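Colleague: This structure is in structure tokens; I'll ask about it shortly.
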């Protein structure tokens, strides 16, 4: 299962939630891949102490913009691997706007070749829904209590409906509460 962890608003705890879910499942013996597509690269910095030395050709940048296989790295958490992000991903939407191929499927094509190796694949998304975030099977929307956060739920719900209508009809979101998840359409 490929799960995008998203929020339309920064500071909601999206990266912390992604890392916690991925590491928790890995510690329970599940094979987990975390793909960091947030250009801030916070998941990468937490899970890869050597992150400052990693060059862009060993990050998701090479997959998205150069169509190379996903560069996976082991972490200190058994069963958890990561595809690190790169600061240059902040320019990706602008660069993909002029792409003549199916730009929205670059990540998906590479994921399709490896996702059977994992029980879960988490995508740590930037605080916007972009070309990079539409390739998941499910989405978890992270919010914190507050007026502006509630407004972000309305925005991201509209965006997911648009993505389903235009690019990925199978995308749905997961509702997590009381230790179980329910599929939401």
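Numbering (our numbering), first residue to last: 5 to 189. Note that the Cβ used here is the ideal one computed from N, Cα and C, for glycine as well. Note that the structure is a prediction, hence the values are computed from the model and not measured.
#1: For residue 165, is the classification buried or exposed, using 16 other Cβ atoms within 10 angstroms of its Cβ as the cut-off for buried?
#2: Please identify the residue among 112, 173 and 18 whose C-alpha is closest to the C-alpha of residue 6.
#3: Which residue marks the beginning of the beta strand (DSSP E) containing residue 143, and which one marks its end?
#4: Quick one: Cα of residue 32 to Cα of residue 127, how far?
#5: Pop quiz: residue 45 and residue 88 are said to be a contact at Cβ under 8 Å. What is the actual Cβ separation, rounded to whole angstroms?
#6: Candidates 23, 17, 114 and 83: which alpha carbon is nearest residue 35's?
#7: Pull the bridge partners of residue 87 from the DSSP assignment, please.
#8: Please report the residue range of the beta strand (DSSP E) in which residue 126 lies.
#9: Excluding the 5 residues preceding and the 5 following residue 175 in the sequence, name in chain order all residues of the same chain whose CB lies nearer than 6 Å to its CB.
#10: Can the beta-carbon of residue 143 be found less than 7 Å from the beta-carbon of residue 10?
#11: Leaving aside the five residues before and after residue 77 along the sequence, list all residues of the same chain whose C-beta is less than 7 Å from its C-beta, in chain order.
#12: Go to residue 9, then tell me how far its beta strand (DSSP E) extends in each direction, as first and last residue.
#13: Here's a check: name, in chain order, each residue in its chain whose Cβ is nearer than 8 Å to the Cβ of residue 182, leaving out the five neighbours to either side.
#14: For residue 73, count neighbouring C-beta atoms within 10 Å of its own C-beta (all shown protein chains included) and say buried if the count is 16 or more, exposed if not.
#15: Give the DSSP-derived three-state secondary structure of residue 45 in the structure shown.
#16: Once the 5 residues before and after residue 17 are set aside, which same chain residues still bring their CB inside 7 Å of it?
Modeller: Taking the coordinates as given:
#1: The residue given as residue 165 occupies position 161 in the chain shown. That one is exposed.
#2: Mapped onto the chain shown, residue 6 falls at position 2. Residue 6 has its Cα closest to that of 112, out of 112, 173 and 18.
#3: Sequence index remark: in the chain shown, residue 143 carries index 139 (1-based). That run of the beta strand (DSSP E) goes 142-145.
#4: For the purposes of this step, residue 32 is identified with residue 28 of the chain shown, where counting begins at 1. For the purposes of this step, residue 127 is identified with residue 123 of the chain shown, where counting begins at 1. Those two C-alpha atoms are separated by around 19 Å.
#5: By one-based count along the chain shown, residue 45 stands at place 41. By one-based count along the chain shown, residue 88 stands at place 84. That belief holds up - the Cβ atoms of residue 45 and residue 88 are roughly 6 Å apart, short of 8 Å.
#6: Taking the first residue of the chain shown as 1, we reach residue 35 at position 31. Considering only alpha carbons, the answer is 83.
#7: The residue given as residue 87 occupies position 83 in the chain shown. According to DSSP, which records beta bridges pairwise, residue 87 is partnered with 39.
#8: On the chain shown, position 122 is the one that residue 126 refers to. Element bounds for residue 126: 124-128.
#9: The residue you call residue 175 lines up with position 171 of the chain shown. Once the five neighbours on either side are set aside, the close Cβ partners of residue 175 are 167 and 168.
#10: The residue given as residue 143 occupies position 139 in the chain shown. The residue given as residue 10 occupies position 6 in the chain shown. Their beta carbons are under 7 Å apart, which means residue 143 touches residue 10 by this criterion.
#11: Taking the first residue of the chain shown as 1, we reach residue 77 at position 73. Hits under 7 Å: 52, 85, 86 and 88.
#12: Within the chain shown, numbered from 1, the residue matching residue 9 stands at position 5. Run containing residue 9: 6-10, per the beta strand (DSSP E) assignment.
#13: For the purposes of this step, residue 182 is taken as residue 178 along the chain shown, with counting starting at 1. Below a pLDDT of 50, predicted positions are generally treated as unreliable, and residue 182, at 36, falls in that range; the measurement from the model is reported next regardless. Excluding residues within five positions, none has a Cβ falling inside 8 Å.
#14: The sequence position of residue 73 within the chain shown is 69, counting from 1. Answer is exposed; the Cβ neighbour count stays below 16.
#15: Taking the first residue of the chain shown as 1, we reach residue 45 at position 41. Residue 45 falls in the coil class under three-state DSSP.
#16: Here residue 17 corresponds to residue number 13 of the chain shown, with the count starting at 1. Contacts found: 146 and 148.
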